[in-house]
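Just so we're aligned: 49 in UniProt numbering is position 49 of the sequence shown, and the numbers increase by one with no gaps anywhere.
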Amino acid sequence: MAAMADNAWSNIPTELLRAELQRRHGAGGQADETERPECGSRDRGHYDVPAHVAALFLILALSTLCCALPLLSRRSTSGRKRSSIIFYCQHLGSGVLLATAFVHLLPMAFESLTDPCLPYFFSEGYTPLPGFVAMVSAIVVTGVESFLTARGAGHSHTHSHDLWDGSDNESTTHIPMQEPVSGLAAARRAGHRPNDLSLGDEESTQGLVAGVSPLPTSTPIGQRDGTKPEEQDVFNDDESDLNFEADELHRPLPSDRNEETANLTRRNHQVDKLTTPQQSQEEQNRQVLQCVMLEAGILFHSIFIGMAISVATGPAFVVFLIAISFHQSFEGLALGSRIAAIQFPKGSLRPWLMVLAYGTTTPIGQAIGLGLNGVYDPASAPGLLLVGFMNAISAGLLLYAGLVQLLAEDFLSEKSFKTLKGTKRARAFGAVTSIAYFGFVSRSPLAYETTTPTQQWADSPMRLVHTPQYETKKTDLFTTGATHMGLLHNAIIRGYNSIYLQAPHVQESDKADFVNYALTWYRFVMSHHDDEELNLFSRVEEILNDKQVFAETHDEHETFLGGLAEFNLYLSTLESSDDLSATKLLAIMDSFQEPFEHHFHHEITTIAALAGHPNAPTPDSPDAAVASALFKAWGKKTVSKAGMSDVLPFFLMNLDATFEDGMWANWPPMPAPIRWAVTNVVGALHGPWWRFASCDSAGQPRELHALQTKSEKTEL
1 MAAMADNAWS NIPTELLRAE LQRRHGAGGQ ADETERPECG SRDRGHYDVP AHVAALFLIL
61 ALSTLCCALP LLSRRSTSGR KRSSIIFYCQ HLGSGVLLAT AFVHLLPMAF ESLTDPCLPY
121 FFSEGYTPLP GFVAMVSAIV VTGVESFLTA RGAGHSHTHS HDLWDGSDNE STTHIPMQEP
181 VSGLAAARRA GHRPNDLSLG DEESTQGLVA GVSPLPTSTP IGQRDGTKPE EQDVFNDDES
241 DLNFEADELH RPLPSDRNEE TANLTRRNHQ VDKLTTPQQS QEEQNRQVLQ CVMLEAGILF
301 HSIFIGMAIS VATGPAFVVF LIAISFHQSF EGLALGSRIA AIQFPKGSLR PWLMVLAYGT
361 TTPIGQAIGL GLNGVYDPAS APGLLLVGFM NAISAGLLLY AGLVQLLAED FLSEKSFKTL
421 KGTKRARAFG AVTSIAYFGF VSRSPLAYET TTPTQQWADS PMRLVHTPQY ETKKTDLFTT
481 GATHMGLLHN AIIRGYNSIY LQAPHVQESD KADFVNYALT WYRFVMSHHD DEELNLFSRV
541 EEILNDKQVF AETHDEHETF LGGLAEFNLY LSTLESSDDL SATKLLAIMD SFQEPFEHHF
601 HHEITTIAAL AGHPNAPTPD SPDAAVASAL FKAWGKKTVS KAGMSDVLPF FLMNLDATFE
661 DGMWANWPPM PAPIRWAVTN VVGALHGPWW RFASCDSAGQ PRELHALQTK SEKTEL
């Protein structure tokens, strides 16, 4: 038995054993180092300089305008409308900043700093590093703000004592007290208070209610500048009481009462003039400091966002640009609303300079990316480390700003409970949570970030079709038509390969989504077949006046239709997805793979050869224009009519934008916003299905989902 076991092991190829050891992480650190994937992007295709320059000006305009909008609305509107604009901008902005930190920056920092191509310390040795960096940056900014605030408070405290201590300087230490009239003394003896007492600074009475702590902007006179409670006795100690005793038997007269009220009003106004300017300046300095910290956290990562846009190509560039446009707009509103809340001096350029700094930072990054195109690679080891650390630091800054400076102050401070009540508080909280949810959607499994694969897993076992236009460089009607047909065939082939390769490895919890993914592939194939038979072939035969050009193609269809029907019958009649058997499914797929592959290659050759048909339309002729329009119309309908919410996303997420040197990165010629909406919005209806697709939403090939698991290979 032992000898038989030894023979069994000896018959297994060494390459397979090494691959299995690596998969189980049992080959040791040295093997990991030798097998570590290389950092760096693959061929990213054609670089469109005019498009990137236009994107730079687009981001510049959007960022600057959205950040300036709250400031402009404050100057151009008044009353409730202005307050509502600032109100919603502030709270929507809080949600944007929190979503940016939690959903965008921090996860991307983890993705960059734990990339498998990086050295062991980053990829496996200390994977919590991005979280640690974010934590340190939050602690550092807390210490900086604490130091600067304490420094300012200390200065204020010393100055306040100069005002209220017992020195002889009358101008600073003694507020002249009017001699009390007899009417007021009598009123005190009788236990009465003047009922028409009016204070010059109405806000100074806030915070005097028992059990309520005074707020920084509305504190009692004795505490506005940092004096201790006992120091307030300067107004009501024993000496003060003696001043009233001589005339306390007199009854109050109306004129006496009015005079005393005026004296109190003037006295309070004197105190307010001494304290309010200093306090408001300190409060403004604190708000400016917080806003600067907030803007620093935003600008810190904006430069790298700009560089990332400028080095992207193909569909990834368009999708990335759309997503970043939304990101910059909302983030600009968030920052602008906080800048608008600060009371800058009239005519000050400081708020506009802060707006300009935000508006130009990302475009500066784009300009750097344009200049370094071909040199800077965000997927290289230095690029991953640089972007990863910057994203982690920015995440820490924005987490502190969003949670401490914005969310806590807006909803948990004592001042907030006075200003946000009832439905107003609910609206504010709803604004924060709604935009935070938008951040969640923007980082869905179909989000705009691209994936750098280690292998094009879906390129086998069925071979991909090489397009005639790529091989021959011809541009005639039928070569172009055959090329586009070949690209569509490749999406179907990648779908087949992705199902075939993942079936033995799908986890129990993923089986239902995998079955739906496979059934979508079947609907895609059958829609394509039916449209060829019912529409395309007959129209081409009419143009060529030849009923036999697709005779062989018709016969080829019959060779695999039976296997496709069995594939659909098996999957659609499963009582439960748990009953799925990889062995059964692969046996069915094996039964029609050979004729299926032969047809998908041979049909392209057949269509391309029609360029030499005796009745083929000559270039630029009316018949050629009709035939070209036919191919274009058929190409649009064959996929979309099969299913906008399932087949169309399936098709787009199995198109490799890097195929044939990126020559087809912009195929099909679909407007970028529509393509983005199909993959990221419409496709989200069945989002979990597309985990099994061979490419991401930007057309970048990726390792198949089920092959990324580190669990043991199990039979379904």
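Heads up, the beta-carbon is just placed ideally off N, CA and C, and yes, glycines get one too.
Residue of the options minimising C-alpha distance to residue i
i, options, result
"W676", "V318, G422 and T433", "V318"
"M670", "L652, I324, L685 and A582", "L652"
"T467", "E603, S697 and E124", "E603"
"L299", "E282, A395 and G383", "A395"
"H554", "A672, S538, P345 and G683", "S538"
"Y517", "K474, N568, E558 and G562", "N568"
"I139", "L386, I393 and P119", "I393"
"K584", "G563, L289, E594 and H598", "G563"
"D410", "S325, Y88 and L60", "Y88"
"Y120", "I493, A381, V103 and G687", "A381"
"L356", "C66, S416 and I674", "C66"
"D513", "L333, W690, V103 and C117", "W690"
"L321", "A672, L685, T679 and V678", "A672"
"N490", "S460, D510 and E283", "S460"
"residue 801", "F102, I543 and G336", "A question about residue 801 goes unanswered here, because the residues of the chain that appear run from 1 up to 716."
"A367", "A54, H686 and P37", "A54"
"Q328", "T361, K415, F344 and N666", "T361"
Assigned secondary structure, residue i (DSSP; H/G/I helix, E/B strand, else coil)
i, result
"P701", "strand"
"C291", "helix"
"C695", "strand"
"S84", "helix"
"Y470", "helix"
"I492", "helix"
"A379", "coil"
"L707", "helix"
"F317", "helix"
"G40", "coil"
"T618", "coil"
"T127", "coil"
"M644", "coil"
"C67", "helix"
"L464", "coil"
"Y120", "helix"
"N285", "helix"
"I322", "helix"
Residue j beta carbon less than 9 angstroms from that of residue i
i, j, result
"H484", "L707", "no"
"F560", "F592", "yes"
"A642", "L648", "yes"
"F330", "G495", "no"
"A608", "P617", "no"
"V141", "Y400", "yes"
"N373", "S310", "yes"
"M354", "V404", "no"
"E124", "G388", "no"
"L106", "G131", "yes"
"V549", "T606", "yes"
"M462", "F600", "yes"
"G297", "L385", "no"
Same chain, Cβ closer than 8 angstroms to residue i, five either side skipped, listed in chain order
i, result
"V515", "L571, L574, S577 and L580"
"L704", "W457, A458, S498, L501, Q502, F692 and S694"
"E660", "H466, T467 and Y470"
"A611", "K474, D476, L477, F478 and T479"
"P363", "L56, F57, I59, L60, S63 and G306"
"G486", "V465, H466, T467, P468 and I604"
"K511", "S577, D578, L580 and L716"
"A51", "F317"
Own chain, CB closer than 7 angstroms to residue i, minus 5 neighbours either side, in chain order
i, result
"G365", "S302, I303, F304, I305, G306 and M307"
"G28", "Per-residue confidence for G28 stands at a pLDDT of 42, beneath the threshold of 50, marking its modelled position as unreliable; no derived number is given."
Heavy atom of the ligand NAD within 8 angstroms of residue i beta-carbon
i, result
"D555", "Inclusion of the ligand NAD in the displayed structure is not the case, the ligand content being empty and no account of it being possible."
Own chain, CB closer than 6 angstroms to residue i, minus 5 neighbours either side, in chain order
i, result
"E566", "I588"
"P254", "Note that P254 scores 47 on pLDDT, short of 50, meaning its location in the model is unreliable; the coordinates nonetheless yield the value given after this. Nothing meets the Cβ criterion."
"F102", "none"
"H91", "A428, A431 and V432"
Closer than 9 angstroms to chain D by CB, residue i
i, result
"D656", "The structure shown contains no chain D; it holds only a single protein chain."
Quick check for students: name the residue ranges of the alpha helix (DSSP H) that lie wholly in the UniProt domain "Hemerythrin-like" (489-607), counting only runs of 4 or more.
511-531, 537-544 and 551-572
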